[in-house]
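Let me begin by presenting the structure, written as structure tokens, before commenting on it.
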Amino acid sequence: MSQYHHRVQRQFLAAELNSISSARDWMRSVCGPHDLEILKPNELLFRHQGAVLGQLSFGVIEYSTAAHVKTQDLLHSYSISLPLAGSQYVEHKKDRIESNPELGLIISPGHPVSLILGADCRKQLVRISRTAVEQKLASLLHREITKAVIFEPGIRLNEGMGDWWNTVATLQGMLQNQSSLFDFPHVWASFQDTLITGLLYAQPHNYSRELEDRQLNRPAYLHELEAMMQKNLDKSLTLSDFEQLVGIGRERLYKDFHQFYGCSPVAHFRNLRYEEVRRRLQQADAGKSVSSIAMDCGFTQLGRFAKDYQQRFGELPSATFGKARC
Numbered sequence: 014m015s016q017y018h019h020r021v022q023r024q025f026l027a028a029e030l031n032s033i034s035s036a037r038d039w040m041r042s043v044c045g046p047h048d049l050e051i052l053k054p055n056e057l058l059f060r061h062q063g064a065v066l067g068q069l070s071f072g073v074i075e076y077s078t079a080a081h082v083k084t085q086d087l088l089h090s091y092s093i094s095l096p097l098a099g100s101q102y103v104e105h106k107k108d109r110i111e112s113n114p115e116l117g118l119i120i121s122p123g124h125p126v127s128l129i130l131g132a133d134c135r136k137q138l139v140r141i142s143r144t145a146v147e148q149k150l151a152s153l154l155h156r157e158i159t160k161a162v163i164f165e166p167g168i169r170l171n172e173g174m175g176d177w178w179n180t181v182a183t184l185q186g187m188l189q190n191q192s193s194l195f196d197f198p199h200v201w202a203s204f205q206d207t208l209i210t211g212l213l214y215a216q217p218h219n220y221s222r223e224l225e226d227r228q229l230n231r232p233a234y235l236h237e238l239e240a241m242m243q244k245n246l247d248k249s250l251t252l253s254d255f256e257q258l259v260g261i262g263r264e265r266l267y268k269d270f271h272q273f274y275g276c277s278p279v280a281h282f283r284n285l286r287y288e289e290v291r292r293r294l295q296q297a298d299a300g301k302s303v304s305s306i307a308m309d310c311g312f313t314q315l316g317r318f319a320k321d322y323q324q325r326f327g328e329l330p331s332a333t334f335g336k337a338r339c
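Going by our numbering, the first residue of the sequence shown is number 14, and it counts up by one from there.
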């Protein structure tokens, strides 16, 4: 039988609900278990318009009033959203991230989520199955994926993800028709693959460096060695230590580091230290000091550290620290 007699099963989503329980149950069927809190239930008018194809779902959603969504773990999917109007906020670790028409949001499996939507928030929502993401990444890396793919939550639109969202918007428009090219299995499979691949390359995540290494034919040991460097920033590691850690000779180390990082292994280790100490100074908690943060990152000669830091970043470490305290 010709493939044209087989169509991708498309499930249309359309809801207009005004009770907390019905809105919660509807979204549980789309995104999985979660709790919904509405401060002004009499103002609730939940709307959701979209479609499900394959391992993805698309739609536009709004609550018409402030809403608080909480879940312990998405488990089986990634929730990707971009406000068309208004804003939403997510509590991520110790940070509160605002998402608006200029900054999308991706929620990954594996940790609790607290999401607050403003009363005027109307957003595009894409759900991609965890299985589809991990299968695609495994094919790109040519190995099994043993840990969940965790994306950076904020999605900036001035990079590749802007094109990604434009593609999603085009797709949503086409899915409003009773039939489209995406109804044909080979067409949809190719498009779904492109969308997931684009997400993996355009949005930073915990496998991004490995993907980049493979794309650039960067030796795998460099990724391993850099991970070791990151774990030992407080130690005074030398070139001999790096040789022993990965079993690679000094000459090869120098050659590969200059080719892929533009500096020696020791200089790259020092760069990582400065990047980390700046990050910690910018996020300093009460009770911390510049000297304690510097020493935690392996800097023991504090006068020299302050001078080198100023040359790198254009300000003294105390100035960076002071901004975090404001």
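From the three backbone atoms N, C-alpha and C, an ideal C-beta is built for every residue, glycine too.
Asked: Three-state secondary structure assigned by DSSP to VAL146; Found: helix
Asked: Option nearest LEU128 by Cα separation, candidates THR159, ILE93, ALA151; Found: ILE93
Asked: Candidates ILE163, VAL279, HIS218: closest to MET242 by CA position; Found: VAL279
Asked: Whole-angstrom distance between GLY175 and PRO114, CA atom to CA atom; Found: 11 Å
Asked: Sufficient close CB pairs (3 or more, under 8 Å) joining the stretch 256-263 to the stretch 282-295; Found: no
Asked: LEU194 classed as buried or exposed, judged by whether at least 16 other C-beta atoms fall within 10 angstroms; Found: exposed
Asked: Neighbour-count burial assignment, ALA64, 16 or more Cβ in a 10 Å radius; Found: buried
Asked: The stretch 40-58 in contact with the stretch 84-91 per 3-pair CB rule at 8 Å; Found: yes
Asked: Where ASN113 falls: helix, strand or coil (DSSP); Found: strand
Asked: Neighbourhood of GLN62 by C-beta distance below 7 Å, restricted to the same chain and skipping five residues each side; Found: LEU26, ALA27, GLY72, VAL73
Asked: Under 7 Å between C-beta atoms of SER121 and TYR91; Found: yes
Asked: Opposing strand residues paired with PHE71 [DSSP bridges]; Found: ALA64, VAL139
Asked: Three-way DSSP call (helix, strand, coil) for LEU95 in this model; Found: strand
Asked: Simplified DSSP state of ALA28, which is helix, strand or coil; Found: strand
Asked: Cβ pair PRO166, ILE209 closer than 7 Å; Found: no
Asked: Expected contact under 8 Å - CB spacing of GLU223 and LEU154 to nearest Å; Found: 6 Å
Asked: ALA80 classed as buried or exposed, judged by whether at least 16 other C-beta atoms fall within 10 angstroms; Found: buried
Asked: Cut-off 8 Å between Cβ atoms - residues of its own chain near SER34, not counting five sequence neighbours on either side; Found: none
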